[in-house]
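Residue numbers for the sequence shown, in the working numbering: 16 to 130.
See below for the structure under consideration.
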Amino acid sequence: QVQLVESGGGLVQAGGSLRLSCAASGSIFSINAMGWYRQTPGKQRELVALKSSGGSTNYADSVRGRFAISRDNAKNTVYLQMNSLKPEDTAVYYCILRQSGYGYWGQGTQVTVSS
């Protein structure tokens, strides 16, 4: 089993910044990618940013240029630096780890951006 523990969510004013962290532990042997999705009530979970172990990175168009994903492979940790936050970034943010065809999810952390 793989466990993912997220931290760093909270309440911030528009224009502010937050940094999310997600630490993975357990049966980790060959990570393909780590990243972040987000979800708001009544909507599907959507990709925010994903970083493969090969180094490639995908961002949602809505966050490109404002958010930055990074990984510390030695610590099996992924970060999401979120700058210039907007009220529409308000969501529950979920960490994902992909390994051997499986996707493991964190419990989610709430990010609320006030206008």
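The C-beta atom is built at its ideal place from N, Cα and C for all residues, glycine as well.
Quick caveat: nothing in here was measured; it's all calculated off a predicted structure.
Rounded separation between residue i and residue j - CA only
i    : j    : result
D104 : A64  : 13 Å
K101 : P56  : 17 Å
S129 : V107 : 15 Å
L26  : V126 : 6 Å
S71  : N88  : 14 Å
Q28  : V93  : 24 Å
S45  : Q114 : 6 Å
Assigned secondary structure, residue i (DSSP; H/G/I helix, E/B strand, else coil)
i   : result
K66 : strand
A48 : strand
N73 : strand
A29 : coil
Anticipated Cβ contact below 8 Å, residue i with residue j, distance rounded
i    : j    : result
G23  : S36  : 5 Å
W51  : Y109 : 7 Å
G116 : L19  : Between L19 and G116 the Cβ distance is about 17 Å, and since that is not below 8 Å, they are no contact.
L62  : N73  : 7 Å
K58  : I84  : Contact doesn't hold; Cβ gap of about 21 Å is too wide.
Beta-bridge partners of residue i, as assigned by DSSP
i    : result
A83  : Q96
I111 : G50, W120
E61  : R53
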